[in-house]
Structure formats: C-alpha cells, structure tokens
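Student: For reference, the structure I am asking about is given below.
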Amino acid sequence: MIQQSSWAQQATDRFFRGRKSPSRMQCDEIAQSVFGASTVRPVDSPGSTSYTVICNGRLGPQEDVILSFRESGAMLDEEMVKLAREIHGDLVPESTYHGNVEGADPPLSIYSMPYLRGSSCIEVLAFQVEMDPDQEAKHRVFVKHLAR
C-alpha cells in the first residue's frame, strides 16, 4: 500500500523541488546554528513560497522562535508588519531580518519572530460552524480582508 504524504509535506516538497540550494536539511542546520536550537521542526501550515520552522530548546528569555526562509517574492514588508502591530498589538509578532542565505539558488531571505502559541487562521477556518446569514456575511468580509 502506497502511503500518501500530508498536504504540509507536499507543500514543503514543492518548495524544495525547484531549488538547487540549500536543501531542507541545510535549512534545518542553518536554523539550529543561528539560534542554538536543540530541535527544529516544520510548522503545521507551511506557505508555498517559504520554508518555516519552529526552533525549540533555546536558552534565554525566548525559548521558541519561528525561522522563515522566504523566496524573494515573499519577503516581509517591514512597514506592513509595523502597521499590523500598531493595529493588532501583541497578536502580531515582531519580525527580524537576518539577511540572505549565502549561495542560495534561487535566493532566500531569513526572518525570525517569536513563536506565538495557538491555532493558525487556516486551522480555525477549517471547522464547520453554524452561522445565520448575517454572521456568514461578516465572516466572508473577514476572510476577504485577510486575503488582501
């Protein structure tokens, strides 16, 4: 019986399939060395233009950190992050740009941010909820707003 990989694994495989370097293993090694993490694991809901991991077991005040390797078309807009933090406060983590991965082909930028525990929007939206027409209309506006 052939075992089918998860959606998350398929997204990660697609991200690395077109890359010459670095490999997934090399990204994990970079994450461990940059942050002194004892373990590195991919996030549950990966993006299509980034490889994002959770760095666990660090020493210091911020034990767990998110590290994201992002393609050039997916770089974080620092002004947008700043605006989001002004509007939503601590619900939006601060991000730090760490430069580019040397020799990456195609290029990759590295960002880190504190790991905020909780459920991602995509996980929450996957649940079926009974809504009246007014609630459903508000929900649609909310989702469209997030998609922008």
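The C-terminal residue of the sequence shown carries number 228 in the working numbering, and the numbering is unbroken.
Glycine included, every Cβ here is placed at the ideal spot set by N, Cα and C.
Name the residue from HIS225, GLN84, SER86 and VAL123 whose alpha carbon lies nearest to the alpha carbon of PHE232.
Tutor: Because residue 232 is not part of the residues shown, which for the chain are 81 to 228, the question remains open.
Student: Where does PRO186 fall in DSSP's three states?
Tutor: Indexing the sequence shown from 1 puts residue 186 at position 106. Three-state DSSP puts PRO186 in coil, outside helix and strand.
Student: I need the straight-line Cα distance from PRO213 to PRO173, nearest angstrom please.
Tutor: Here the question's residue 213 lines up with position 133 in the sequence shown. Here the question's residue 173 lines up with position 93 in the sequence shown. Cα to Cα, the separation comes out at about 33 Å.
Student: Please go through the same chain and pick out, in chain order, the residues whose beta-carbon is closer than 8 Å to the beta-carbon of ARG94, but skip the five residues on each side of it.
Tutor: Position 14 of the sequence shown holds residue 94. Excluding residues within five positions, the ones whose Cβ falls inside 8 Å are SER128.
Student: For the region 103-118 against the region 152-161, do three or more pairs of beta-carbon atoms, one drawn from each stretch, fall closer than 8 Å, so that the two count as touching?
Tutor: Taking a contact to require three or more Cβ pairs closer than 8 Å, the region 103-118 and the region 152-161 do not qualify as touching.
Student: Could you give the first and the last residue of the continuous alpha helix (DSSP H) run that contains THR92?
Tutor: In the sequence shown, the residue the question calls residue 92 occupies position 12. Where THR92 is concerned, the enclosing alpha helix (DSSP H) stretches over 87-97.
Student: Please state the DSSP three-state secondary structure of ARG150.
Tutor: Position 70 of the sequence shown holds residue 150. Note: ARG150 maps to strand in three-state DSSP.
Student: Thinking just about the alpha-carbon of each residue, which of GLY153, THR132 and ILE134 is nearest to the one in PRO186?
Tutor: The residue labelled residue 186 in the question sits at position 106 within the sequence shown. When only C-alpha atoms are compared, the closest one is GLY153.
Student: Please state the DSSP three-state secondary structure of ARG197.
Tutor: Along the sequence shown, read from residue 1 onward, the residue named residue 197 stands at position 117. Three-state DSSP puts ARG197 in coil, outside helix and strand.
Student: Thinking C-beta only, is PRO194 closer than 8 Å to VAL145?
Tutor: Along the sequence shown, read from residue 1 onward, the residue named residue 145 stands at position 65. Along the sequence shown, read from residue 1 onward, the residue named residue 194 stands at position 114. Yes, the Cβ-Cβ distance between VAL145 and PRO194 is below 8 Å.
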